[in-house]
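Asker: Sharing a structure with you now.
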Amino acid sequence: MVLVPENLQNPSLSARLERLYELPLSDIQGLCESYATRIHHIFLKEQVGFKLILNDGMAPGGTSSLLAQHNGSSRYLLGSPPIFYSGFDAFSEVQTPREYAEAKTGEIVEFCQRAGVDESLVMAGLEGFASGERAGQLMAYSKSGDRMEVENLNLNLPSDSEDREKIQALGSIAVFEQILTLLDKNDEREDVRFLVEAKILKGLNAGLWEKLEPRLRELNLRVSLGESFTAGYVAKLMTSHKGASEILHRSTIWYDKRFKAHFGVEEELLTDENIVKPQTMAKASRGVLEAFKDLSSLAIGTSGYANFWQREKSDHFSVGLSRKQEDGFVSTQTAYVEVTSSIGGPNYQESIGRRELTRQLGVTTALYLLISSLSEQVEGFQGLASELQQLIQSYSTMELRNDW
Numbered sequence: 014m015v016l017v018p019e020n021l022q023n024p025s026l027s028a029r030l031e032r033l034y035e036l037p038l039s040d041i042q043g044l045c046e047s048y049a050t051r052i053h054h055i056f057l058k059e060q061v062g063f064k065l066i067l068n069d070g071m072a073p074g075g076t077s078s079l080l081a082q083h084n085g086s087s088r089y090l091l092g093s094p095p096i097f098y099s100g101f102d103a104f105s106e107v108q109t110p111r112e113y114a115e116a117k118t119g120e121i122v123e124f125c126q127r128a129g130v131d132e133s134l135v136m137a138g139l140e141g142f143a144s145g146e147r148a149g150q151l152m153a154y155s156k157s158g159d160r161m162e163v164e165n166l167n168l169n170l171p172s173d174s175e176d177r178e179k180i181q182a183l184g185s186i187a188v189f190e191q192i193l194t195l196l197d198k199n200d201e202r203e204d205v206r207f208l209v210e211a212k213i214l215k216g217l218n219a220g221l222w223e224k225l226e227p228r229l230r231e232l233n234l235r236v237s238l239g240e241s242f243t244a245g246y247v248a249k250l251m252t253s254h255k256g257a258s259e260i261l262h263r264s265t266i267w268y269d270k271r272f273k274a275h276f277g278v279e280e281e282l283l284t285d286e287n288i289v290k291p292q293t294m295a296k297a298s299r300g301v302l303e304a305f306k307d308l309s310s311l312a313i314g315t316s317g318y319a320n321f322w323q324r325e326k327s328d329h330f331s332v333g334l335s336r337k338q339e340d341g342f343v344s345t346q347t348a349y350v351e352v353t354s355s356i357g358g359p360n361y362q363e364s365i366g367r368r369e370l371t372r373q374l375g376v377t378t379a380l381y382l383l384i385s386s387l388s389e390q391v392e393g394f395q396g397l398a399s400e401l402q403q404l405i406q407s408y409s410t411m412e413l414r415n416d417w
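Residue numbers (the working numbering): 14 to 417.
Shown next, in the form of structure tokens:
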């Protein structure tokens, strides 16, 4: 079973929306709210000098309601014009997407003039299909003055796609993307893109745990955890299924370095530079396993820096996994990851999205080590581990060591 989408690192908006469609509606709606929060801040706090008018088309009230939930939105949000919905085919046969969008924004301008609105405008809209044979065919646009952004999207969704709410929410994201592009808000676009990728990784991690959890039960293996930058994400995932206590034995969050010292990590390994090195997590995971050896056969430790913007460095982290073998020997493997891909690289500003992506990648790496450790016992895990290694390395460089 392939759990890693082929288009996971495709940066295009279409590819990202296709990946998001696989997530629960609540996750997609949460991303819509993240976009809306950023756009609200831009219009209200930064006082860009424009009024915003929206033509939500196939998702009436979608983007408007997301912005209207914020106090003060009436200072910039005009509303939606009563524009006749002429059908998405109008541009596909006789007009290009840009020509169609020009016609729509022209109607908006005419309506505003008749209504006595003479402020500078940002106009944005959405057309398309949320159900039926053409579900996922969308067009999002934005315009201000002579500048226009248009994106024609033909999402490759399952043939039975009938989840109107999901597709409408994806349409709202497409509109928000056009607005941010129009306003040259690249930092905000990047931050929310990180959030999108983090949500996708979170969904992937849930799928991986669906594969791992029954295998751990079959092998009668119990796990103990020590988490730093993931701060309970691994434990939360492991307790998402009924009967989690049969697998998860102990879990601690060791943000404070003294907690790591409690599990046997020497003082020289607890400096700011050394605390995220693989040898530190090798020692820490062994310490956790030793502390709970009577009931735990596996221990995982995580430590890292997420959104390391104060020092303008790439995010980096280490994950260690120690396993007690049948003969009593303890084997330890580690992964040291530095997020260096086009979606990563050095940090120059505070970014909630970048931080969340790195933390979810830490969970993925922990699951990778678990799957790798079971690859000789579980059919198919060797191939899955190889696939996950490629995935992690598409975001980062990863150094593996198995001989601690």
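Positions of the beta carbon are idealized from the N, C-alpha and C atoms, including for glycine. A quick note: this is a predicted structure, and the numbers were derived from the prediction, not measured.
Determine the contact status of Arg235 and Leu334, defining contact as a CB-CB distance below 8 Å.
Answerer: Not closer than 8 Å, so no.
Asker: Can you check DSSP and say which residues form a bridge with Ile313?
Answerer: Answer is Leu238, Leu334.
Asker: How close, in whole Å, do the beta carbons of Ile192 and Leu44 come, if the pair is a contact with beta carbons under 8 Å?
Answerer: Their Cβ separation, rounded to whole angstroms, is 15 Å, which puts Ile192 and Leu44 out of contact at 8 Å.
Asker: What are the start and end residues of each continuous alpha helix (DSSP H) run of 4 or more residues lying completely inside the stretch 51 to 119, in chain order?
Answerer: Counting only runs of 4 or more, we get 75 to 81, 102 to 107.
Asker: In this structure, how does DSSP classify Thr410 when only helix, strand and coil are distinguished?
Answerer: Thr410: strand per DSSP, three-state reduction.
Asker: Would you give the residue range spanned by the alpha helix (DSSP H) that Glu392 belongs to?
Answerer: That residue, Glu392, is in no alpha helix (DSSP H); it is neither H nor E in DSSP.
Asker: Going by other Cβ atoms of all chains shown within 10 Å of its Cβ, with 16 needed for buried, is Gly375 buried or exposed?
Answerer: Classification for Gly375: buried.
Asker: How about Ile41 and Glu201: are their beta carbons less than 8 Å apart?
Answerer: It is not a contact, given that the beta carbons lie outside the stated cut-off.
Asker: What does the alpha-carbon distance come out to for the pair Glu412 and Val352?
Answerer: C-alpha separation (whole angstroms): 12 Å.
Asker: Check each candidate in Pro95, Lys224, Tyr154, Ser87 and name the one with the smallest Cα separation from Gln395.
Answerer: Checked all of Pro95, Lys224, Tyr154, Ser87; the closest Cα to Gln395 is Lys224.
Asker: Closer than 8 Å by C-beta to Gln181: which residues in its own chain qualify, once you throw out the five before and the five after it? Chain order, please.
Answerer: These residues qualify, in order along the chain: Met71, Ala72, Gly75, Ala143.
Asker: Look up Asn218 in the DSSP assignment and say whether it is helix, strand or coil.
Answerer: Correct three-state label for Asn218: helix.
Asker: Going by DSSP, which residues form a beta bridge with Lys156?
Answerer: Note: Lys156 sits in a beta bridge opposite Met136, Met161.
Asker: What does the alpha-carbon distance come out to for the pair Val160 and Ala116?
Answerer: As written in the sequence, residue 160 is Arg, which differs from the Val given in the question. For Arg160 and Ala116, the distance between alpha carbons rounds to 14 Å.
Asker: Would you tell me roughly how many angstroms separate the C-alpha atoms of Gly300 and Arg32, rounded to the nearest one?
Answerer: Their backbone Cα atoms lie some 39 Å apart in a straight line.
Asker: Hey, Gly11 and Lys296 are a contact pair by Cβ (cut 8 Å); roughly how many whole angstroms apart?
Answerer: Summary: the structure shown does not reach residue 11, with the chain confined to residues 14 through 417, and so no result is reported for it.
Asker: Run through DSSP, which three-state label would His254 get?
Answerer: Coil at His254, not helix or strand.
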